Structure formats: C-alpha cells, structure tokens
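The opening residue of the sequence shown carries number 1 in full-length UniProt numbering; numbering runs sequentially from there.
The beta-carbon is built from N, C-alpha and C at its ideal position, and this holds for glycine as well.
Just so it is clear, the structure is predicted and the values come from calculations on it, not from any experiment.
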Amino acid sequence: MSAERKIIIKGARVHNLKNINLELPKNNLIVFTGVSGSGKSSLAFDTIYAEGQRRYVESLSAYARQFLERMEKPDVDLIEGIAPAIAIDQKTTGKNPRSTVGTMTEIYDYLRLLFARIGKTYCSKCGNLVQKDSPGFVVEKIKQIPEGGKIFILFPLQLHKGHTLEEEIEALKEKGFYRIYVEGELLDVNENLNLRKILGKEIYVLVDRIVVRHDMDEARLFDSVEMAFNEGRGNMIVKVLDSGETFKFSEHFECAYCGIEYEEPEPRLFSFNNPYGACPKCQGFGRAYGIDWDAIVPDKTKSIKEGAIHPWRSEKFAWFQKDLMRIAKKVGIPVDIPFKDLTPEQIEIIKNGYDGFEGINGFFNLLEENSYKVHYRVMLSRYRGYTTCDLCGGSRLRKEALNVKIAGKSIYDIVKMSIGEAYQFFQNLELTDYEKTVSASILSEINKRLKYLYEVGLGYLTLDRLSNTLSGGEAQRINLATALGSSLVGALYILDEPSIGLHPRDTHRLIKILKSLKENGNTVIVVEHDREIIESADHIVDLGPGAGENGGKIVFQGSYEGILKDENSLTGKYLSGRLKIPVPQKRRKPKKGNSIIVRGAREHNLKNIDVEFPLNVFVCVTGVSGSGKSTLVHDILYSALRKIKYGTYEGKIGKFDKIEGYELIDAVEMVDQSPIGKTPRSNPVTYIKAFDGIRELFASTHLAKVRGYTPGHFSFNIPGGRCETCEGDGFVKIEMQFLADIYLPCESCNGKRYKSEILEVEYKGKNISDVLNMTVTEAIEFFKGHRKIVDRLKVLESVGLGYIKLGQPANTLSGGEAQRIKLSAHLLASESSPHTLFIFDEPTTGLHFDDIAKLLKAFDSLLDAGHSIIVIEHNMDVIKCADWIIDLGPEAGDLGGYVVAVGTPEEIAQNPNSYTGQFLRKYLD
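Structure (structure tokens):
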C-alpha cells in the first residue's frame with residue numbers, strides 16, 4: 001500500500017496505549033473494537049481526531065490560536081496521511097430547549113425558506129386565499145366567467161374624514177361616476193337620492209358594465225379594472241348579475257372579503273428563535289406558565305360525580321362542584337362516565353363555564369383576584385405549571401405564521417409529522433410549474449436530509465422533537481445524516497458506537513450509510529461492538545488484551561475472516577462462538593399479584609395499552625427503535641412512580657389511566673446515561689463515596705498531623721488545600737465565541753487540583769493527586785488492607801470499570817460509563833436499601849461481549865438482594881438472559897405503540913409477529 005493511500009501512526013502513547021504503531025487503509029470502513037477500556041477511544045478520538053483537530057487550529061485566527069494552541073499535542077511520535085477529521089460522538093446534544101430535530105438538521109431553516117417562497121396565506125376568519133391582485137389577474141378571472149355573463153366592475157366608496165355623504169357623491173359626479181350599487185340595486189346619483197336611507201350601508205361605485213364575450217375589448221376591460229383599483233384605494237369587486245356571485249379583489253396583501261391585512265411571508269415569520277416570528281406569550285418555547293390540567297384532573301378514569309376535578313373536592317370550593325352538577329344536567333354532560341370519555345365540547349363548557357357557572361378558568365380567576373391571601377396563593381401554585389402554550393397551541397409561532405400553508409399544511413403541521421411521514425409528504429407534493437422553479441433547490445435539500453435521516457433508522461422521530469430528549473445514539477445518527485447531507489469528500493469521519501439505540505432489524509440501514517460515506521471518498525473509523533457492523537468492516541483493529549493498564553496493545557488487525565480464527569483476540573472468540581454468554585439454565589418466574597400494571601398508556605404513539613411489569617424478576621422491554629419503549633417506561637412508568645413515591649416530578653408525565661401495584665415497591669431509580677456531574681470536579685471516586693476513606697487515610701499520615709491537616713484539606717471541593725485558581729477542577733474553562741467551550745489544564749497547579757504543600761503529603765510514596773490518577777484496578781492493589789476503600793472500588797471493577805481513573809472528570813466519561821458508575825453506587829447501597837425498582841436504559845452502551853457478562857452478574861446481585869429490574873434494550877445477549885420480555889411494535893411511530901408479545905425469551909422467539917423474536921431465535925439456538 002502506497003504512503004498516499006494510508007494513515008500511518010507511530011509511537012502512540014495516549015492514556016493506556018502502549019507505544020503502538022499502526023497503518024490504516026484510507027477510503028475504507030474501519031472498526032476499532034476490544035473490551036471496554038482497552039484504548040479504542042484513546043486511539044480513535046484522543047490520538048487520531050485530536051491531531052486532526054490540532055492541525056485545523058493552525059489555520060484559525062491568531063486570537064483563536066492563543067487559546068487553542070494550549071491544547072495538548074497527542075502523545076504520539078508521528079501521524080501521516082491524516083485528513084480533516086470530523087468526530088461524531090454521543091455527547092453532541094445540548095440542553096437548549098429551543099433546539100429541535102428540525103433545527104439540528106437544518107431542515108427547519110429550509111422549511112422557513114420554502115414557506116416564504118411558495119407558501120399561500122389563508123384568511124383566519126373566512127378561509128379565503130389572501131394575495132395581492134393585479135389588474136391582469138382580475139382580467140383573467142373575468143375571462144373565466146361563462147360566455148354572455150353580465151358583470152359590473154365596481155369599487156367601494158371611500159368616506160373621507162370630515163366629509164358628508166352628500167359631498168362624497170358630488171365628488172363622484174365631478175370625476176364622471178354617475179351610478180352607485182347598494183344592496184343589489186343600481187342607483188343614479190343624478191336623481192333625487194334618499195341619502196339617509198343608504199347611509200351606513202356598503203356603497204359601491206360603478207366603473208363599467210360588460211357582457212363577457214370571447215371577442216370583448218380587453219384594453220377597455222383592463223382600463224376599467226385599473227381605474228376601479230385606483231379609485232377604491234387598491235380594492236374593487238366584480239359582480240356577476242346572472243349568478244349573483246361577487247368576486248372581491250385587493251392590491252394590498254389582505255383578505256379581499258374580510259379586509260383583514262396580513263404580513264407577506266418571509267423566513268423570519270416562521271422562526272421561533274426570532275422575536276419577530278416567536279409566539280408573544282411563550283417567546284417561542286411552546287410552553288407557558290398556566291393551568292396544569294394533569295394536576296386539576298389527576299385521575300381521568302374518575303367521573304365528575306366521583307370528584308375527578310381535584311380542587312373542587314374540598315369543602316371550601318364544593319359549591320363549584322354543585323354548580324357543575326346543575327349545569328351538567330341542563331346541557332346533558334354525563335356525570336357518571338370517566339372524565340377522559342367526555343367530548344371536547346363538554347370539556348369546553350367545564351373549562352369556560354355556561355349560564356352562571358364560572359367554569360375552571362373562572363375559578364382560577366377568582367383565586368388570582370384573592371392571591372394576596374396566603375392559602376389562595378398556595379392553592380394556585382398547586383395547580384399551575386408549565387403547560388402547552390394556549391396562545392400558539394405549542395407551535396411556538398405567531399398565529400399569522402400558521403395562516404401560511406403549502407398543500408393545505410402549515411409549517412407546524414409539517415414539523416409535527418414524523419421524518420418518515422414528512423419524507424412521503426414532500427415526495428408526493430404537487431406544485432405548479434412556477435412553484436417548482438422557485439423551490440427546486442430548497443426541496444432538493446429538504447428531501448435529501450429527510451432521506452438520510454430515514455435511512456439511519458430515525459423515521460419515527462418528529463421534526464419538532466426537542467434535541468435534549470434524544471438518546472446519545474439518536475443524536476449521533478442525526479449528526480451522521482447531517483454530515484452525509486454536507487457531501488464532503490476526502491474527510492476522516494470518526495464515530496462512537498452509532499448502533500446504540502438501534503434494533504438489529506435496522507442495523508443494515510446504518511451500515512448502508514457508513515458505506516455511502518466511504519464511497520463518497522472518505523475514510524470512516526467506527527468504535528463499535530455490534531457484531532453486524534464488525535462483520536461489514538473492510539478493516540478491523542482489535543485492542544486489548546484487557547482494560548486499563550492491561551490494554552492498549554494491538555491484538556489483531558485485518559479482515560473479519562481473520563479475526564474469527566485469531567487465538568489471541570477475545571473479540572474473535574465471541575464472534576466465532578468459541579466463547580459465548582450462556583443462556584440461563586433456569587429463569588425466575590413472575591408471581592401472580594406481584595407486579596405493577598400500567599392501564600391505558602396513550603402518550604405519543606402508545607395505543608391505549610395495558611402493560612404488566614412483573615416484580616423481583618429481570619424484565620426486558622424490547623421493540624424496534626421508535627416503537628414506544630422509552631415513552632412507556634420513562635415518560636409514564638418511571639415519571640408516575642416518582643410522583644407517587646416522592647410527591648413531585650419536574651418533567652412531564654405521559655398520558656395514562658392509572659397504575660396498580662405501586663405499593664409493592666418502596667422506591668424507584670432510573671439508572672440512565674446522563675452525566676454523574678456537570679463539572680470536572682465530579683468523578684467516580686467521589687460518586688461512590690470512596691474518596692472519604694482516602695482523605696481520612698492521608699490526614700492520618702505523620703506529616704499531615706504535624707501540619708494540622710484534616711480530611712477537608714485533601715478535598716478539591718472546598719477551600720483549604722485545593723488550588724484556588726481552578727477551584728479544584730484541575731482545568732480552566734475557556735469560552736469560545738463561535739466554537740465549543742474548551743477545558744485547558746490549570747497553569748497554577750498543572751492540573752493536579754491541589755496546592756503544592758498538600759502534594760508534599762504522601763502515603764506509600766504517592767500524593768493525593770497521584771492517587772486520583774490511578775485506575776480503579778491499580779487503586780485496589782495500592783489500598784490493599786483498607787476494606788472501607790477497597791470494597792467500594794471493587795464494585796466499580798465488577799461492572800467492567802477497572803480501567804477508569806479515580807479522579808476522571810465527569811465531562812470525559814461516556815454515557816455508558818456514567819451509567820455503570822451509577823449502577824455501582826446502587827450495588828453498594830442495595831444490601832441495606834428497601835425494595836427498589838431499578839430501570840436501565842440501554843446499559844450495554846460501550847460494552848464488549850465480555851463486559852456484558854459482568855453487567856448481567858451485577859443485575860443478578862440486585863435481584864438476589866430483593867430488588868426488581870426493568871431494562872430497555874436491543875442487545876440480544878442481554879435480551880436472551882431476561883426472565884420476562886415485553887415486546888412493543890410492530891413498527892415505529894404511528895405504526896408502533898402496541899404490545900406485540902409478552903413472555904419468556906423462548907416464547908417471544910416463537911412469535912411470528914415479533915421482529916425481536918426473529919433475531920432472538922438464533923441466539924437461543
């Protein structure tokens with residue numbers, strides 16, 4: 001292979017890499033694999049990408065370089081043949097509540113442009129098309145009237161301020177207009193008019209009378225229309241005498257029938273991030289502080305008679321309930337059926353009142369008026385919260401923007417669609433030749449982006465989905481599709497487990513996208529554990545053989561066929577079947593009456609389903625991406641249980657009827673992939689509370705006692721021994737105006753977090769900073785004999801995190817690592833904690849086959865301690881080990897949301913309707 005056709009790496013020593021040399025073929029799909037902590041990310045991101053980024057920095061301005069050049073050069077002797085590098089990882093979504101899938105992918109920007117170019121505005125009052133009418137347009141309209149039709153060309157009489165009707169009529173005569181049209185009657189102004197009789201009525205002035213013929217004088221017609229527009233200040237009408245039809249026209253951008261003026265569409269009108277286009281009430285967030293209906297009617301299965309309206313159950317406000325019962329009888333609102341079964345019209349009466357009944361809105365107005373009284377303020381706060389904005393209906397836009405439509409759809413109608421639906425909508429969009437011409441390039445960009453998003457398995461996401469609600473895998477695949485849409489050539493793409501969150505059924509779509517990037521002339525490096533993606537690679541690099549200090553070596557590189565035969569590759573042994581995660585010989589059986597049941601789950605795409613979750617067993621919730629798993633488990637089950645058990649829940653709780661069996665558990669915990677902390681000060685050793693023992697140990701040394709140091713002096717979270725320049729972070733954050741914020745080592749302490757005198761205190765030849773730089777496995781050996789410290793660290797090692805450093809900053813941990821640190825903390829507390837329902841969302845993120853085996857043992861420990869586990873998962877090695885499976889689907893989005901199958905893995909595998917079962921079958925065989 002020539003030097004131009006490969007990337008050459010020599011002497012890479014970043015983190016645990018053992019001075020490795022490597023040659024990678026360009027324009028190939030390359031997979032880096034190996035056990036967790038073997039050095040895959042260190043090689044892909046911290047060496048190859050970091051060097052590509054550093055070289056890019058050299059092209060920036062002197063101002064940017066003064067900060068960015070302080071970025072450490074990767075510890076590598078030589079890298080040759082590296083192209084401009086683009087990293088697409090799982091930590092790309094921010095917390096910005098204004099960011100949506102549409103804005104992330106730039107589709108929304110193109111939609112704004114499209115609606116400004118070819119959108120048609122419709123009157124909000126009468127529904128007629130609003131447009132600027134020209135004389136030529138009116139003439140063409142007249143020519144469409146049937147042959148022989150008699151028409152009047154008229155304009156509305158303008159009454160000027162300070163002028164009488166008599167004076168206006170005289171002015172008409174002077175201009176040569178002698179006939180007016182009032183309520184179907186043509187009157188001659190030269191005759192004695194009863195002005196009092198016509199005052200206050202719509203008066204039109206006759207410009208011309210014409211009989212429509214194919215050979216009529218178009219010049220005369222055009223002049224008459226133009227004159228009518230001029231005299232009518234841009235407004236005129238054509239009255240067809242035979243049919244009685246009236247056509248109104250306006251040269252202004254206003255409704256010719258209602259006279260309501262509208263703003264001409266422009267891109268900023270459709271932007272909720274711009275004050276011009278944003279809803280004035282919610283400022284473009286789509287949610288505003290108001291009455292929380294979920295708090296007012298917490299149990300929608302109750303009837304009005306049973307007290308469904310919570311605030312009216314109290315004696316103080318019982319008269320509102322009595323008033324409602326009176327009105328219900330009068331207007332026929334049933335009071336014995338569940339509140340959820342009432343019609344929108346009936347709920348409208350309950351909300352806004354009727355015939356002396358104030359309604360819920362009137363009730364809250366009463367509370368507002370008396371809010372100077374404490375108990376009224378408390379009452380208000382109990383039933384108020386952030387809910388869908390009632391002014392814009394959640395669209396985030398001014399109502400004028402929603403009057404503009406394409407093919408009968410507003411921009412909000414389109415962003416509410418799933419990506420798959422939107423793609424179909426634009427594929428089938430029928431336009432005029434003119435509209436096709438002016439929108440061709442815009443539609444091309446929209447279709448291209450929607451197609452790529454659909455192909456990476458995200459067809460179920462809606463365009464208005466908030467970015468901060470996306471999983472790491474979803475965010476990464478969105479960025480992958482966006483990158484593909486940019487059509488770069490000769491670039492180096494580096495991806496971190498793009499298969500996360502993807503059902504095995506859809507993996508082939510992702511592979512197709514990765515190959516498309518390669519075929520466009522790019523090099524694609526993927527850090528991955530997925531069997532199918534590894535099999536599809538042109539070149540495989542397997543790192544190991546172990547994690548941390550036991551890793552960092554190239555175990556194998558070459559083809560898929562080669563790794564299957566390699567005796568040294570742990571990955572190869574699992575791929576070939578020589579090693580495997582065994583199917584449990586015995587499964588725990590659910591006990592009757594020992595389960596939590598969700599009734600009537602109908603949030604997002606869930607189809608009003610009842611789902612039973614057995615307790616004290618290992619339950620897996622499965623199904624294709626977008627089938628409703630997270631909605632069911634996170635938005636409904638977890639959120640509702642948090643509210644029941646702890647009284648409050650900050651997020652939105654999904655729609656459901658009721659939950660049964662919640663009294664069978666004492667607590668509920670969501671073990672997700674969110675960071676363990678927001679700053680570099682948060683780290684594994686403090687999270688699992690092992691640092692307390694370490695600080696006490698250092699404070700007990702001879703030098704610490706002589707100097708009077710307490711355990712607090714060895715804390716980087718409080719003043720005393722920490723470096724005050726970086727306040728114990730070890731890093732200083734530099735805010736870049738147009739680039740992402742960067743963290744640079746503190747120049748005062750060189751990243752060691754502590755003052756120099758504290759670092760003089762040593763235990764067994766190591767200071768506190770040295771200890772924080774140890775891996776978990778190293779620290780277990782170092783602190784041998786100190787059970788308080790070692791027992792806690794061993795739990796981290798048991799979940800496959802022996803390779804991470806004790807003081808590793810939270811912002812450098814992957815989602816999967818953060819999740820397993822949380823799992824460790826729960827394992828430590830599990831022996832003494834009451835019956836807890838643990839919910840895991842894709843815990844296999846970042847895990848090698850060998851690490852999944854460790855994870856399953858950790859699950860067994862929780863179950864043996866008397867707890868319950870629910871896992872959302874796509875990994876078949878985990879699913880086959882579950883005691884019970886709840887499979888949702890059958891498809892994503894609107895075609896999903898049903899319970900396809902429930903039962904043991906063996907039962908699911910035999911179900912012909914289950915996609916999960918189809919893939920599970922070969923794992924059980």
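- Listed in chain order, the non-local C-beta contacts of ALA422 below 7 Å within the same chain comprise ILE414, LEU450 and LEU463, local neighbours out to five positions each way being set aside.
- Here PRO267 carries a helix assignment [DSSP, helix/strand/coil].
- The beta carbons of LEU165 and LEU195 sit closer together than 8 Å.
- Cβ-Cβ distances below 8 Å link ARG179 to LEU186, LEU187, ASP188, VAL189, VAL205 and LEU206 in the same chain, with the five nearest sequence neighbours on each side left out; the list follows chain order.
- Around the CB of ASN128, fewer than 16 other CB atoms lie within 10 Å, so the residue is classed as exposed.
- According to the DSSP assignment, SER250 belongs to the beta strand (DSSP E) that extends over 246-250.
- Taking the CA atoms as reference points, GLU80 sits about 41 Å from VAL878.
- For PRO711, no beta strand (DSSP E) run applies, since DSSP gives it neither H nor E.
- Of the residues LEU855, ALA537 and ARG326, the one whose Cα lies closest to the Cα of GLU528 is ALA537.
- ARG209 sits away from CYS282, with the two beta carbons spaced by 8 Å or more.
- In terms of Cα proximity to LEU111, the closest of LYS689, GLU873, ILE446 and ALA491 is ILE446.
- Each residue's CA atom was taken as its position, placing ALA865 and PRO834 some 9 Å apart.
- If you draw a straight line from the Cα of PRO504 to the Cα of LEU641, it is about 31 Å long.
- In this structure, the alpha-carbon of ARG477 lies about 45 Å from that of GLY712.
- With respect to ILE554, ILE9 sits apart: the two C-beta atoms are not nearer than 8 Å.
- Between the segment 579-596 and the segment 810-819, the count of C-beta pairs closer than 8 Å stays below three; the two stretches do not touch.
- Using a C-beta cut-off of 8 Å, the segment 656-667 makes contact with the segment 596-608, since at least three inter-stretch Cβ pairs fall below that distance.
- The bridge partners DSSP lists for ARG196 come to none.
- With a contact defined as Cβ atoms closer than 8 Å, ILE821 and ILE676 qualify at about 6 Å.
- A direct Cα-to-Cα measurement between ARG233 and ASP133 gives close to 13 Å.
- Under the DSSP assignment, GLU80 falls outside any alpha helix (DSSP H), being part of the beta strand (DSSP E) whose first and last residues are 78-80.
- According to DSSP, residue pairing for SER595 in a beta bridge involves PRO614.
- PRO344 sits exposed, since fewer than 16 C-beta atoms from the chains shown fall within 10 Å of its C-beta.
- By the Cβ neighbour-count rule, ASN428 is exposed, with fewer than 16 other Cβ atoms within 10 Å of its own.
- In the three-state reduction of the DSSP assignment, LYS239 falls in the strand class, which pools E and B.
- Looking at the DSSP output, HIS539 shares a beta bridge with ILE30.
- Annotated three-state conformation of TYR423 is helix, per DSSP.
- Closest in C-alpha terms to LYS645, from the list ALA667, HIS375, LEU632 and VAL633, comes ALA667.
- If you draw a straight line from the Cα of GLY647 to the Cα of GLU907, it is about 38 Å long.
- Shown here, MET325 sits in a helix according to DSSP, grouped into three states.
- In this structure ILE151 does not touch VAL101 by the C-beta definition: roughly 52 Å separates them, more than the 8 Å allowed.
- Judged by DSSP in its simplified three-state form, LYS512 adopts helix.
- According to DSSP, VAL524 shares a beta bridge with LEU29 and TYR493.
- Proximity to ILE153 across MET227, GLU167 and GLU202 peaks at MET227, based on C-alpha coordinates.
- The DSSP-derived three-state label of LEU823 is helix.
- Runs of the beta strand (DSSP E) lying entirely within the segment 722-768, each at least 3 residues long, are 731-734 and 742-745 in chain order.
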